[in-house]
Amino acid sequence: MSFSVLLVGFFLLLHLPPLRRWPSLCTPARRAAVAAGLFFIGAGAMHFVMPARYDAMIPPQLPWPRLWTLLSGALEVAGGVGLLFPRTRKHAALGLAALLLAILPANIHEAVANQASHVLPFPDWYFWLRIPFQLVYVAWVMWAGGLWPARTRAGDPVTG
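The opening residue of the sequence shown carries number -1 in our numbering; numbering runs sequentially from there.
Set out below in structure tokens:
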């Protein structure tokens, strides 16, 4: 949830008149892709900066929690970089959507087990609220990647 504030903040910042005149930011879908790219680069980097916090969220059934932490961080960074470029945007969006769905069971596990709350500075309810936001992130990257096209009033797809 706190990450969603960053995502929306990036998106709104990219709506500033000088920025939205750039060709790479001229449509809402393009601004959404760049905002999500910056968001996922930052979120993925946090896996390397504070890996113990993410290790605590890995279900105990999976061996080598640090491996999963670093792998998911690297995939988030790669997906974020991919969203920044129109040529790789669709593939990055597909990869990030798959990653978000793949880590959804870990988020559900964390909410049920409540084991990471001792290393993460969030109340217990936060972990339950993260679950529906995971689906919002999937929808966002699908839209930003041009895989879930929004329609204009005329019914034409909006391209990223």
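We put the CB at the ideal spot given by N, CA and C, even for glycine. Predicted model only: the values in this text are computed from it and were never measured.
Pairwise C-alpha distance: Leu60 and Gly53 = For the purposes of this step, residue 53 is taken as the residue at position 55 of the sequence shown. For the purposes of this step, residue 60 is taken as the residue at position 62 of the sequence shown. The sequence given here has Asp at residue 53, not Gly. Computed Cα separation, rounded: 11 Å.
task = Decide if Leu81 is buried, meaning its Cβ has at least 16 other Cβ atoms within 10 Å, or exposed.
result = Within the sequence shown, residue 81 is the residue found at index 83, counting from 1. Answer is buried; the Cβ neighbour count reaches 16.
task = Can you say whether Arg29 is buried or exposed, counting buried as having 16 or more other CB atoms within 10 angstroms of its CB?
result = By 1-based counting over the sequence shown, the position of residue 29 is 31. By the neighbour-count rule (16 or more Cβ atoms within 10 Å), Arg29 is buried.
message = Looking only at its chain, what residues have a beta carbon closer than 6 Å to the beta carbon of Arg128, apart from the 5 residues adjacent to it on each side?
response = Your numbering for residue 128 matches position 130 in the sequence shown. Within the same chain, Arg128 has close Cβ partners Asn105.
task = Let me know the secondary structure DSSP gives Asn105 once reduced to three states.
result = Position 107 of the sequence shown, counted from the start, is the residue given in the question as residue 105. Three-state result, Asn105: helix.
ask   = Which value, in whole angstroms, describes the spacing of the CA atoms of Gly71 and Arg19?
value = Sequence index remark: in the sequence shown, residue 71 carries index 73 (1-based). Sequence index remark: in the sequence shown, residue 19 carries index 21 (1-based). Using only the alpha carbons, I get a separation of about 32 Å.
task = Could you work out which residue in Ile56, Ala31 and Leu97 is closest to Val110 when comparing CA atoms only?
result = Numbered from its first residue, the sequence shown carries residue 110 at position 112. With distances taken between Cα atoms, Val110 lies closest to Ile56.
ask   = Would Phe83 be called buried (16 or more neighbouring beta carbons within 10 Å of its own) or exposed?
value = Position 85 of the sequence shown, counted from the start, is the residue given in the question as residue 83. In the assembly as shown, Phe83 is an exposed residue. Its beta-carbon has fewer than 16 other beta-carbons within 10 Å.
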